[in-house]
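If you read the sequences in order, they're chains V and U.
To convert, note that position 452 of the first sequence is 452 in the working numbering; the numbers rise steadily by one, no gaps.
To convert, note that position 56 of the second sequence is 511 in the working numbering; the numbers rise steadily by one, no gaps.
Glycine included, each C-beta is placed from N, C-alpha and C at the ideal position.
Just so we're clear, the structure is a prediction, and the values are computed from it rather than from any experiment.
In what follows, a single structure is set out as structure tokens and then discussed.
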Amino acid sequence: MGYAHTLANTRYKFENLRTLLARASPYRSGDALAGIVAAGAAERVAAQMALADVPLATILAEPVVPYETDEVTRLIIDSHDAAAFAPVASLTVGEFREYLLAAGPQALAALRSGITPEMAAAVSKLMRQQDLIAVAAKCHVVTRFRNTIGLPGRLSVRLQPNHPTDDPQGVAASTLDGLLLGAGDAVIGVNPATDSTDAACTLLEMLNEVRERYVIPTQTCVLAHVTTTLHAIERGAPVDLVFQSIGGTEATNASFGMSLALLHEAREAALSLKRGSIGDNVMYFETGQGSALSADAHHGVDQQTIEARAYAVARAFSPLLVNSVVGFIGPEYLYDGKQITRAGLEDHFCGKLLGLPMGVDVCYTNHAEADQDDMDALLTLLGVAGVTYVMGVPGADDIMLSYQSTSFHDALYLRGVLGLRPAPEFEAWLDGLGIARATPQRLPARLSPTLIGLG
Amino acid sequence: MARTEGTPAHWMDLRRFTPARVALRRAGNGLPTAAHLAFQAAHAAARDAVQASLDVGALQAELKGAGLASIAVRSEAPDRRSYLLRPDLGRRLGDRAAIPRLPGAMLFVVCDGLCAIAVQRHAAPLLRHVVAQLPGPVAPIVVAEQGRVALGDEIGEAMEAEAVAVLIGERPGLSAPDSLGVYLTWQPRRGRTDAERNCISNIRSEGLPPEAAADKLLWLIGAMRRMCLTGVLLKDEQPTTRQVREV
């Protein structure tokens with residue numbers, strides 16, 4: 001079905017919903033690389049005006065990736081909740097924007113399973129950053145494993161103690177550094193340098209020992225490939241969370257070496273370990289705009305809409321944590337601080353609207369036109385938007401992945417200026433150690449490095 | 456890394472165990488000034504590394520001094536901005552006629568990639584070690600500006616080379632601003648995927664030194680010739696969990 005809009009005596013035509021969504025997207029380099037951006041600013045606004053008049057029901061009826069050949073589309077359509085959708089079923093995308101701006105937290109929560117990723121992406125394209133922040137701030141998503149993540153007024157931090165050779169003592173030192181600076185309530189999660197089962201098991205044992213010795217109410221994770229984590233579970237390694245990078249099409253996920261069936265298998269395996277003390281959210285997913293185009297698996301769909309579809313994959317597995325790694329992919333997809341900022345807010349908004357415990361890796365690479373000032377701005381905007389968690393990397397410099405994320409200090413800044421607190425169980429633990437307000441030069445006995453093999 | 460004896464009791468002691476930026480202390484919730492400026496200096500160095508141009512003449516002279524003939528070419532990317540925004544242009548050869556037909560030769564392509572400084576520092580020492588010990592015919596070294604890894608496929612295809620090793624500047628990190636990578640591809644032709652290559656990364660003085668990298672590359676070339684392939688089936692290491700993409 002075709003769409004059209006006349007603006008200033010020029011008739012703009014869009015042959016299908018996929019094209020309309022792409023032309024309506026705020027400019028970013030990845031869509032330009034794919035050859036699907038609007039020809040100019042006027043065509044973009046015309047597309048947004050045409051999109052504003054599209055009924056949400058039409059978006060449900062016109063999949064942007066074919067149902068027959070894509071299991072993510074089948075998941076989206078087959079799991080759609082018509083009853084939850086009912087309150088907005090008669091609205092256009094433009095009316096839906098106004099509905100979201102006026103709705104309260106309870107109405108938004110009730111809507112989650114009735115919203116498809118394409119609806120969330122569509123409405124986001126009509127929104128300013130202010131709108132993305134205002135609506136996301138009303139979406140409260142709470143998950144649990146050993147602590148409670150996502151309560152209003154709270155900000156959690158993933159402690160990311162990566163090391164270029166997976167040296168256990170190096171990882172332990174960065175972990176202790178982060179704990180001293182109040183990080184680690186989302187998860188203590190390491191990206192391994194080599195994706196072998198042996199390396200993963202070594203790190204899993206070490207992280208588990210740190211958590212037990214210090215009696216930390218949190219969870220640990222080695223962000224290996226899902227198949228590696230399954231092998232580690234078979235070997236009896238202490239696996240709290242199963243991690244996987246996911247994308248918004250079946251072909252993207254195939255390029256990551258996984259499928260929905262494999263995620264189901266992994267979730268069942270993790271649940272069988274019964275390691276969560278107060279909840280059973282056992283999955284951790286990472287996403288990022290551009291991965292589908294990078295894998296030549298985008299079906300001509302714009303990168304932000306494809307990204308939102310990844311959230312449909314995530315929500316099918318009741319994850320503890322989901323984050324977009326927004327600036328990691330590089331300038332051919334998100335060129336500069338402006339594009340990264342917009343994308344980070346879009347991803348957070350779409351994830352929250354769909355009911356995910358959404359965090360953001362506020363980050364950039366050295367070949368992107370971005371710097372610490374851009375990251376400070378995005379971090380602050382996300383804090384106002386109620387982001388569930390951010391990353392904590394020593395000094396913001398990930399020495400293994402060679403990119404800049406947010407630091408432990410950055411998270412303290414955000415908690416400080418916005419009056420946000422850690423997850424309640426973790427906050428009580430910090431209080432008990434007396435390190436909640438200041439970091440001591442001399443380490444408290446209960447956090448002695450020798451307890452975790454340093455020395 | 457080196458370990459110092461004794462029981463760590465102070466925050467600063469954590470620095471013994473990792474090159475990460477730990478124990479930075481606090482000024483309120485922020486960084487002390489020295490740590491903040493040290494970060495800015497590292498970022499500036501990495502940014503300059505990305506923007507730096509390859510001195511092709513100097514590199515060719517260094518190669519000539521090592522007894523290695525070379526040919527200079529360019530990709531279709533006219534400048535750095537185009538290179539960063541259009542990966543497809545960096546994978547295409549500007550002038551195919553510049554490449555001689557040398558069926559069965561082992562081909563080495565040197566690309567600036569995302570870090571010309573790494574190439575300038577480490578490419579010639581690495582090639583000198585490898586070529587001196589490599590049996591069989593070796594083609595003139597192709598030095599390519601604004602090149603990505605897959606540019607080697609088109610050059611190798613035009614040459615009908617046995618295999619191509621692309622030496623390329625890696626994405627600079629704050630703690631590794633001059634890192635070189637090598638991608639080895641058996642029977643190169645356009646359309647080869649990353650799964651069909653083997654990679655040696657982090658080649659720099661403080662990482663994998665060029666001489667050690669040369670030994671590893673010689674081992675890989677030997678294994679490649681025995682198995683008549685490169686890629687996943689030849690792999691001795693698997694990639695990192697976040698897909699660090701080819702440059």
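A buried status is given to threonine 341 of chain V, since no fewer than 16 other beta-carbon atoms sit within 10 Å of its beta-carbon. With respect to chain U, the C-beta atom of serine 402 of chain V has a partner C-beta closer than 8 Å.
Distance between aspartate 296 of chain V and aspartate 410 of chain V, taken at the CA atoms: about 35 Å. Nearest CB-CB separation between tyrosine 413 of chain V and chain U: below the 8 Å threshold. Contacts with chain V at 8 Å (Cβ-Cβ) include histidine 498 of chain U.
About 35 Å separates the CB atoms of valine 123 of chain V and arginine 146 of chain V; that is not less than 8 Å, and the two are not in contact.
Taken atom to atom, the span from the alpha-carbon of arginine 213 of chain V to that of valine 313 of chain V is near 35 Å. Residues are counted here when their Cβ sits less than 9 Å from a Cβ of chain V; for the region 463-477 of chain U these are Pro463, Ala464, His465, Trp466, Met467, Asp468, Leu469, Arg470, Arg471, Phe472, Thr473, Pro474, Ala475, Arg476 and Val477, given in chain order. Non-local C-beta neighbours of proline 26 of chain V in its own chain, meaning closer than 6 Å and more than five positions away in sequence, comprise Arg342, ordered along the chain.
Tyrosine 284 of chain V counts as buried, since at least 16 other C-beta atoms from the protein chains shown sit within 10 angstroms of its C-beta. Annotation: alanine 121 of chain V to cysteine 350 of chain V spans about 7 Å, alpha carbon to alpha carbon. Secondary structure in the region 201-242 of chain V: the beta strand (DSSP E) runs of 3 residues or longer, each lying completely within the stretch, are 220-222 in chain order. In the DSSP assignment, the residues bridged to glutamate 600 of chain U are U:Arg529.
For proline 26 of chain V, no Cβ of chain U is located within less than 8 Å of the residue's own Cβ. Inter-residue distance for arginine 644 of chain U and isoleucine 610 of chain U is about 8 Å (C-alpha atoms, whole angstroms). The beta carbon of leucine 7 of chain V sits closer than 8 Å to those of Ala42, Val45, Ala46 and Met49, all from its chain and outside the five residues before and after it, given in chain order. In the pairwise beta carbon analysis, the region 260-272 of chain V is classified as not touching the region 292-306 of chain V: fewer than three pairs are separated by under 8 Å.
Taking a C-beta distance under 8 Å as the contact criterion, glycine 114 of chain V and aspartate 81 of chain V qualify as a contact pair. Under the Cβ distance rule, leucine 544 of chain U does not count among the residues neighbouring chain V, no pair being separated by less than 8 Å. Residue-level contact check: proline 665 of chain U does not touch chain V, since none of the beta carbons of chain V fall below 8 Å from its beta carbon. Residue range 542-545 is occupied by the alpha helix (DSSP H) that includes leucine 544 of chain U. It is roughly 27 Å from the alpha-carbon of lysine 671 of chain U to the alpha-carbon of alanine 475 of chain U.
Assignment of leucine 382 of chain V by DSSP, reduced to helix, strand and coil, places it in the helix class. Within chain U, no C-beta atom comes nearer than 7 Å to that of alanine 134 of chain V; the closest sits roughly 26 Å away. The straight-line gap separating the alpha-carbon atoms of isoleucine 658 of chain U and leucine 635 of chain U is approximately 5 Å. In this structure, threonine 640 of chain U lies near alanine 618 of chain U, with their beta-carbon atoms less than 8 Å apart. At a C-beta separation below 7 Å, alanine 501 of chain U has these neighbours in chain V: Asn366. Cβ atoms of glutamine 160 of chain V and methionine 391 of chain V come within 8 Å of each other, at about 5 Å.
At least one beta carbon of chain V lies nearer than 8 Å to the beta carbon of proline 627 of chain U. Looking from the CA of proline 444 of chain V, the closest CA among V:Leu433, V:Gly236 and V:Arg275 belongs to V:Leu433. Leucine 420 of chain V has its alpha-carbon roughly 5 Å from the corresponding atom of glycine 153 of chain V. Three or more Cβ pairs drawn from the region 518-531 of chain U and the region 579-586 of chain U lie within less than 8 Å of each other, which places the two stretches in contact.
Residues of the region 307-319 of chain V with a C-beta less than 9 Å from any C-beta of chain U: none at all. Within the region 639-669 of chain U, the residues whose Cβ lies closer than 9 Å to any Cβ of chain V are, in chain order, Asn657 and Gly662. For the pair of segments examined, the region 305-312 of chain V was found not to touch the region 375-390 of chain V: the number of CB pairs separated by less than 8 Å stays below three.
For the region 589-616 of chain U, the set of positions with a beta-carbon nearer than 8 Å to some beta-carbon of chain V is empty.
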